[in-house]
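According to the working numbering, the sequence shown is numbered sequentially starting from 241. Cβ coordinates follow ideal geometry from the N, Cα and C atoms, glycine included.
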Amino acid sequence: MGKPLSILSLQGICAYYGELQALFDIDLDLTQGDILALIGANGAGKSTLLRTLTGLTTVGGKTRLTGRMAFEGQPIESLPPERIVEMGIALVPEGRRLFSRMSVEDNLLCGAYLPIWRQGARRKLDEIYALFPRLAERRRQIVTQMSGGEQQMVAIGRALMTSPRLLLLDEVSLGLSPAAVEELYGNLQRLRNELTIIVVEQDLQRAMGFAGRAAVMLEGRVVLANDISKLSREEITTAYFGGSGHASPQTKMPVQGVH
Ligand SMILES: Nc1ncnc2c1ncn2[C@@H]1O[C@H](COP(=O)(O)OP(=O)(O)OP(=O)(O)O)[C@@H](O)[C@H]1O
Ligand SMILES: [Mg+2]
Numbered sequence: 241m242g243k244p245l246s247i248l249s250l251q252g253i254c255a256y257y258g259e260l261q262a263l264f265d266i267d268l269d270l271t272q273g274d275i276l277a278l279i280g281a282n283g284a285g286k287s288t289l290l291r292t293l294t295g296l297t298t299v300g301g302k303t304r305l306t307g308r309m310a311f312e313g314q315p316i317e318s319l320p321p322e323r324i325v326e327m328g329i330a331l332v333p334e335g336r337r338l339f340s341r342m343s344v345e346d347n348l349l350c351g352a353y354l355p356i357w358r359q360g361a362r363r364k365l366d367e368i369y370a371l372f373p374r375l376a377e378r379r380r381q382i383v384t385q386m387s388g389g390e391q392q393m394v395a396i397g398r399a400l401m402t403s404p405r406l407l408l409l410d411e412v413s414l415g416l417s418p419a420a421v422e423e424l425y426g427n428l429q430r431l432r433n434e435l436t437i438i439v440v441e442q443d444l445q446r447a448m449g450f451a452g453r454a455a456v457m458l459e460g461r462v463v464l465a466n467d468i469s470k471l472s473r474e475e476i477t478t479a480y481f482g483g484s485g486h487a488s489p490q491t492k493m494p495v496q497g498v499h
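Printed below as a string of structure tokens:
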């Protein structure tokens, strides 16, 4: 077998919101097919890192990025978001951001906004309906009349319309019932064999079941990164809380089930 292909390489990434530095010197390498769980407390910088990968922190004037990012060997740190999506990175943002008055299918089609994606949109829709059978049944329904889990499927489906090779999922299970989370991750299983994925997931047990690698962020830094099989629950907890390994009474992290 040949050497696994590098799909993503970050070197010394720092990101700033105005004066505030949100990411510090992030190095990260993913090879094709990796499934990485990005873990960390509120405000650790998980969403900022995903947004940075899609060029979103470089727009808007006040944000700034330094360091190097390469996707499939091509530098992307100075590219605008639309170019990065076109190259093959898609983000499912926190909070879904669907078009509330539109149907499921129209929301999905909005994902395919470039001519190159439009051409294959019909076939892509069929793939997405095969992945999320619930959406096929409800393709004409207005998205706001759907359950949270179904809306999340639409958000993921919309990202898939661009045929990404790297998919970034930001808290896709947030606010969903346990049954909805189960169904969603059940549907996502098939993507694991087809794509490279970074998933931000607060339910650590779920993240560990889905991903093969984990990176723990603390205050804007990646403080631990390894194959999940090589990480112990204690190591992850210690990294998550920044040293002591003990949860303070106010903080809760679901770490059950990780050894
Ligand atoms: N648009 C923004 N403007 C200014 N500061 C921001 C902005 N977005 C995030 N931040 C700050 O950047 C830091 C990292 O936030 P980020 O949203 O990336 O964390 P997170 O790990 O995704 O947290 P959560 O688990 O709550 O989603 C925080 O200190 C946050 O307050
Ligand atoms: Mg976030």
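Practice prompt. Go through its chain and collect everything with a Cβ distance to R379's Cβ below 6 Å, but skip five positions before and after it.
Written response: Numbered from 1 along the sequence shown, position 139 holds the residue referred to as residue 379. Closer than 6 Å at the Cβ level, and outside the excluded window around R379, lie V344 and E345.
Worksheet entry | Length of the line joining the Cα atoms of G485 and I476 | Position 245 of the sequence shown, counting from 1, holds the residue named residue 485. Position 236 of the sequence shown, counting from 1, holds the residue named residue 476. Low confidence applies here, because G485 scores a pLDDT of 44, under 50, leaving its location unreliable; read the following figure in that light. Distance between G485 and I476, taken at the CA atoms: about 8 Å.
Discussion item. Please return the same chain residues whose Cβ sits closer than 8 Å to the Cβ of F339, not counting the five positions on each side in sequence.
Written reply: Along the sequence shown, one-based indexing puts residue 339 at 99. Around F339: D346, N347, C350 and V383.
Fill in: Member of L260, L319 and V439 whose CA lies at the smallest distance from the CA of S287
Position 47 of the sequence shown, counting from 1, holds the residue named residue 287. With distances taken between Cα atoms, S287 lies closest to V439.
Discussion item. Rounded to the nearest angstrom, what separates K364 and S417 at their Cα positions?
Written reply: Here residue 364 refers to the residue found at position 124 when the sequence shown is read from its first residue. Here residue 417 refers to the residue found at position 177 when the sequence shown is read from its first residue. Going by the C-alpha atoms only, they are around 28 Å apart.
Discussion item. Taking 7 Å as the cut-off, is the C-beta of E334 nearer than that to any heavy atom in ligand 2?
Written reply: Here the question's residue 334 lines up with position 94 in the sequence shown. Answer for E334: yes, Cβ within range of ligand 2.
Worksheet item: Could you give the residue range of the alpha helix (DSSP H) that holds Y425?
Response: Along the sequence shown, read from residue 1 onward, the residue named residue 425 stands at position 185. Counting along the chain, the alpha helix (DSSP H) containing Y425 begins and ends at P418 to L428.
Worksheet item: What do you reckon, is the C-beta of E423 under 7 Å from a heavy atom of ligand 2?
Response: In the sequence shown, counting from the first residue as 1, residue 423 sits at position 183. No; taking the cut-off as 7 Å, the Cβ of E423 has no heavy atom of ligand 2 nearer than that.
Worksheet entry | First through last residue of the alpha helix (DSSP H) which encompasses G449 | The count along the sequence shown starts at 1 and reaches residue 449 at position 209. Unbroken alpha helix (DSSP H) run through G449: L444 to F450.
Worksheet item: Can at least three beta-carbon pairs, one atom from the region 388-408 and one from the region 324-336, be found at a separation below 8 Å?
Response: With a cut-off of 8 Å, the region 324-336 and the region 388-408 count as touching, because enough Cβ pairs lie within range.
Discussion item. Less than 8 Å between the beta carbons of Q272 and P244, yes or no?
Written reply: Stepping through the sequence shown from its first residue, residue 272 is reached at position 32. Stepping through the sequence shown from its first residue, residue 244 is reached at position 4. Result yes, Cβ atoms of Q272 and P244 sit closer than 8 Å.
Worksheet item: Measuring from the CB of E326, is there a heavy atom of ligand 2 at a distance below 7 Å?
Response: Here residue 326 is taken as the residue at index 86 of the sequence shown, counted from 1. No - ligand 2 has no heavy atom lying nearer than 7 Å to the Cβ of E326.
Worksheet item: Is any heavy atom of ligand 2 found at a distance shorter than 7 Å from the C-beta of D443?
Response: Residue 443 sits at position 203 when you count from the first residue of the sequence shown. Not under cutoff, so the answer is no.
Worksheet item: Does Q314 get closer than 8 Å to chain B when you measure Cβ to Cβ?
Response: Within the model displayed, chain B is absent; a lone protein chain is all it includes.
Item to complete: On a CA-only basis, which of S246, A284 and Y256 is nearest M457? Give me that one, please.
Response: By one-based count along the sequence shown, residue 457 stands at place 217. Among S246, A284 and Y256, the Cα nearest to that of M457 belongs to A284.
Fill in: Simplified DSSP assignment, three categories, for M309
Numbered from its first residue, the sequence shown carries residue 309 at position 69. M309 carries a strand assignment under DSSP once its states are collapsed to helix, strand and coil.
Practice prompt. Please state whether DSSP places F339 in a helix, a strand or coil.
Written response: Residue mapping note: residue 339 aligns to position 99 of the sequence shown, counting from 1. It is coil, neither helix nor strand.
Worksheet item: Between the region 257-266 and the region 433-451, do three or more beta carbon pairs fall short of 8 Å?
Response: no
Discussion item. For M493 and Q381, I'd like the C-alpha separation in whole angstroms.
Written reply: As a first step, residue 493 is located in the sequence shown; it is residue number 253 there, counting from the start. As a first step, residue 381 is located in the sequence shown; it is residue number 141 there, counting from the start. Residue confidence for M493 is low, a pLDDT of 47 falling below 50, so the modelled location carries little weight and cannot support an answer.
Item to complete: Assign R341 to buried or exposed, taking buried as 16 or more other Cβ atoms, counted over all protein chains shown, within 10 Å of its Cβ.
Response: Locating residue 341 in the sequence shown gives position 101, where the first residue counts as 1. Exposed, since its Cβ has fewer than 16 Cβ neighbours within 10 Å.
Worksheet entry | Unbroken stretches of the beta strand (DSSP E), 3 residues or longer, contained in the region 325-383 | Whole beta strand (DSSP E) segments, 3+ residues: 329-332.
Discussion item. Once the 5 residues before and after L471 are set aside, which same chain residues still bring their CB inside 7 Å of it?
Written reply: For the purposes of this step, residue 471 is identified with residue 231 of the sequence shown, where counting begins at 1. The residues are A454.
Practice prompt. Can you grab the Cα-Cα spacing for the pair I356 / T478, in whole Å?
Written response: Within the sequence shown, residue 356 is the residue found at index 116, counting from 1. Within the sequence shown, residue 478 is the residue found at index 238, counting from 1. Each residue's alpha carbon lies about 46 Å from the other.
Worksheet item: Roughly how far, in whole angstroms, is the beta-carbon of G521 from the beta-carbon of D467, given that I think they are within contact range, below 8 Å?
Response: Past the boundaries of the shown model lies residue 521; the chain is included only from 241 to 499, so the question cannot be answered.
Worksheet item: Would you say D265 and R461 are within 8 Å of each other, going by their C-beta atoms?
Response: Here residue 265 refers to the residue found at position 25 of the sequence shown. Here residue 461 refers to the residue found at position 221 of the sequence shown. It is a contact, given that the beta carbons lie within the stated cut-off.
Practice prompt. List the endpoints of the continuous alpha helix (DSSP H) containing T292.
Written response: As a first step, residue 292 is located in the sequence shown; it is residue number 52 there, counting from the start. Taken as a continuous stretch (DSSP letters only), the alpha helix (DSSP H) holding T292 covers K286 to L293.
Worksheet item: For Q429, which of R362, A370, R291 and S318 has the nearest alpha-carbon?
Response: On the sequence shown, position 189 is the one that residue 429 refers to. By alpha-carbon distance to Q429, the top candidate from R362, A370, R291 and S318 is A370.
Fill in: Terminal residues of the alpha helix (DSSP H) in which A281 lies
Counting from 1 along the sequence shown, the entry for residue 281 is found at position 41. Premise fails: A281 is in no alpha helix (DSSP H) and is neither H nor E.
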